[in-house]
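The working numbering numbers the first residue of the sequence shown as 1 and each following residue consecutively. Encoded as structure tokens, the structure appears first; notes follow it.
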Amino acid sequence: MALKQHLQQKLGLKINPLQIQLIKLLELPAYQLEQRVKEELETNPLLEEGSEEEATDEYKEAGDDMYAGEEENGEEDVRQEDNDFSFEDYIPDDDDIPDYKLYTSNASRDNDSKDFVFSQDVTFRENLLDQLGMRDLTDFQKKIAEYIIGNIDDDGYLRRDIENIVDDLAFGAGIEVTVDEVERLLKIIQEFEPYGVGARNLKECLLLQIDHKQGEVSGAVLDNARLILEECFEEFSKKHYEKIARRLRLPEEAMKEAINEILKLNPKPGGTIGDSSFEQTADKIIPDFTLDLTDGELQLSLNTGDTPELKINKSYLNLLDSYQNGQSAKDKKDVANFIKYKLNSAKSFIDAVHQRNNTLMLTMTAIVQFQKQFFLTGDESQLKPMILRDIADITGLDVSTVSRVSNAKYVQTWFGIYSLKNFFSGSMQTSSGEEVSTGELRNILKSIVDAEDKKRPLTDDELVDRMEKKGYQIARRTVAKYRQMLDIPVARLRREI
Numbered sequence: 001m002a003l004k005q006h007l008q009q010k011l012g013l014k015i016n017p018l019q020i021q022l023i024k025l026l027e028l029p030a031y032q033l034e035q036r037v038k039e040e041l042e043t044n045p046l047l048e049e050g051s052e053e054e055a056t057d058e059y060k061e062a063g064d065d066m067y068a069g070e071e072e073n074g075e076e077d078v079r080q081e082d083n084d085f086s087f088e089d090y091i092p093d094d095d096d097i098p099d100y101k102l103y104t105s106n107a108s109r110d111n112d113s114k115d116f117v118f119s120q121d122v123t124f125r126e127n128l129l130d131q132l133g134m135r136d137l138t139d140f141q142k143k144i145a146e147y148i149i150g151n152i153d154d155d156g157y158l159r160r161d162i163e164n165i166v167d168d169l170a171f172g173a174g175i176e177v178t179v180d181e182v183e184r185l186l187k188i189i190q191e192f193e194p195y196g197v198g199a200r201n202l203k204e205c206l207l208l209q210i211d212h213k214q215g216e217v218s219g220a221v222l223d224n225a226r227l228i229l230e231e232c233f234e235e236f237s238k239k240h241y242e243k244i245a246r247r248l249r250l251p252e253e254a255m256k257e258a259i260n261e262i263l264k265l266n267p268k269p270g271g272t273i274g275d276s277s278f279e280q281t282a283d284k285i286i287p288d289f290t291l292d293l294t295d296g297e298l299q300l301s302l303n304t305g306d307t308p309e310l311k312i313n314k315s316y317l318n319l320l321d322s323y324q325n326g327q328s329a330k331d332k333k334d335v336a337n338f339i340k341y342k343l344n345s346a347k348s349f350i351d352a353v354h355q356r357n358n359t360l361m362l363t364m365t366a367i368v369q370f371q372k373q374f375f376l377t378g379d380e381s382q383l384k385p386m387i388l389r390d391i392a393d394i395t396g397l398d399v400s401t402v403s404r405v406s407n408a409k410y411v412q413t414w415f416g417i418y419s420l421k422n423f424f425s426g427s428m429q430t431s432s433g434e435e436v437s438t439g440e441l442r443n444i445l446k447s448i449v450d451a452e453d454k455k456r457p458l459t460d461d462e463l464v465d466r467m468e469k470k471g472y473q474i475a476r477r478t479v480a481k482y483r484q485m486l487d488i489p490v491a492r493l494r495r496e497i
């Protein structure tokens with residue numbers, strides 16, 4: 001078999017580590033950037049908090065100090081340009097693994113190991129179990145009640161049939177119990193707070209809460225509310241109030257009081273006690289930019305929060321001096337490889353953070369200039385149609401970069417906090433030929449719905465007619481889409497007495 005040599009030309013795309021780092025940092029909002037910087041400070045010993053001026057000077061000093069030791073000892077100069085480095089240069093061969101990589105733990109024996117204890121509030125089910133413990137029940141009954149509580153979902157409902165629970169107890173836990181016994185224990189659980197817990201459907205949930213309101217509200221109001229739920233629940237859920245009034249022969253005022261009392265009830269009693277587990281944390285909204293109006297001029301600033309500035313920690317570089325005399329060449333190479341790897345990683349991270357902040361400011365400045373009238377007045381009707389390409393053309397950035405910058409970012413203006421994504425919208429022309437943004441269309445639609453007669457709310461077709469009278473030619477499906485985006489229910493569900 002003959003061996004042949006030939007030339008082959010390939011075209012490929014290679015992303016350097018700095019670009020990858022920058023892409024990841026661009027997507028982070030302010031509070032997540034702070035966490036990311038702190039993580040890097042903990043994992044990279046060559047990073048420390050410091051001012052930008054100190055960091056710029058120490059880049060050069062750090063590089064000079066590190067490579068000077070190798071040149072004095074006649075070793076090969078492996079210096080590379082700051083912006084053109086490769087991690088592969090610092091990865092040793094399999095037979096030359098640094099000692100520090102072989103340690104299971106690099107913690108000092110003098111370090112005090114501590115277990116951190118986190119506190120959290122009582123969860124929904126723990127609250128129910130606490131109330132169960134205060135009831136005079138046998139151990140047998142408590143086991144059954146605990147199993148029932150375990151089947152109650154986060155909304156507070158028992159959506160599993162009693163017969164299935166009886167079967168589960170018999171086959172899964174070896175507990176023989178009757179349907180009546182489970183029903184009796186469920187009635188006890190339904191007396192727990194929050195009221196309405198343990199209900200098997202919405203109707204039962206609301207009726208349980210009505211029962212617990214005895215003495216708080218007029219008896220006649222509660223009686224009418226109970227009557228509506230028991231006799232006309234389907235009509236009530238569809239807001240067919242005229243049918244309810246005719247069927248129950250209730251006066252308008254009595255009907256209104258009873259309906260208002262029902263609307264005060266909680267359809268999801270389990271939500272009144274939040275589960276504060278670490279997996280269910282609430283979303284944070286911390287503005288990434290601050291835009292002030294001073295003497296008629298807009299002033300934009302980047303919110304860095306508690307994110308510390310970074311610089312190179314020179315103390316670790318001085319470790320090289322201690323290995324100049326009396327140490328083996330292998331030990332010196334291990335330390336040099338470790339420090340070079342961490343130094344380049346630190347410089348790359350600092351540069352990525354700086355570029356991230358500059359890119360955010362560049363993008364937000366372009367948005368402010370494009371939507372200047374809106375930011376000067378706070379009037380949402382002044383928002384101009386704007387897409388990602390518009391900002392990309394102004395800044396010279398790629399559309400994907402502008403998208404990453406605007407994702408999950410907020411700006412605090414002198415008239416409120418806005419998501420950057422809200423400023424990007426399509427456009428349409430009015431009957432007069434004027435171009436308006438889809439955001440303005442949604443605001444006009446909302447104002448029409450707010451001004452409607454709630455006893456006879458407007459249907460989507462009627463909303464189309466109202467929009468056309470104002471000069472906006474839009475289809476019915478577009479009205480329905482905007483209505484859903486604004487969380488406006490259909491006409492039937494907007495009806496009030």
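Backbone N, C-alpha and C fix where the C-beta goes; we use that ideal spot for every residue, glycine too. All of these numbers come straight from a predicted model, not from anything done at the bench.
Its Cα nearest to that of D223, the residue L250 stands out among L383, L250, V197.
Scanning its chain for C-beta atoms nearer than 7 Å, with the 5 sequence neighbours on each side dropped, one finds around L18 the residues S348, D351, A352, in chain order. For a cut-off of 8 Å, the C-beta gap from D153 to G271 is around 11 Å, too long to register as a contact.
Selection K454, R200, K311 evaluated against E40 yields K311 as nearest (Cα-Cα). Here V449 is buried. Its C-beta has 16 or more other C-beta atoms within 10 Å. Linking L388 to S447 through their CA atoms gives a straight-line distance of about 28 Å.
The beta-carbon distance between L493 and K256, rounded to whole angstroms, is 17 Å. This is too long to meet the 8 Å contact definition. Its chain contains L229, F233 as the residues whose beta carbon lies nearer than 7 Å to that of K203, once the 5 sequence neighbours on both sides are disregarded; these appear in chain order. CA-CA distance, E462 to I488, rounds to 15 Å. Annotation for D295: no residue places its beta carbon closer than 7 Å to its own, counting only its chain and skipping 5 residues before and after. DSSP places I417 in the strand class (E or B) of the three-state scheme. Between L445 and L486 the beta-carbon gap is near 7 Å, inside 8 Å, which marks them as a contact. When only Cα atoms are considered, Q355 and S419 end up about 22 Å apart. By the C-beta criterion, the region 399–412 is judged to be in contact with the region 27–43, since at least 3 inter-stretch pairs fall below 8 Å. The three-state secondary structure of Y157, taken from DSSP, is strand. Contact between the region 134–146 and the region 185–198 is present, with at least three C-beta pairs closer than 8 Å. The beta carbons of R226 and L158 sit about 21 Å from each other, so the pair does not count as a contact at 8 Å.
Restricted to the region 153–236, the alpha helix (DSSP H) segments that are unbroken, complete and at least 4 residues in length are 162–172, 179–189, 202–211, 219–231, listed in chain order. DSSP places L46 in no beta strand (DSSP E); its state is neither H nor E.
The C-beta distance from V179 to I162 rounds to 5 Å, short enough to fall under 8 Å. For Q141, the three-state secondary structure derived from DSSP is helix.
In the displayed model, D461 falls within a helix according to three-state DSSP.
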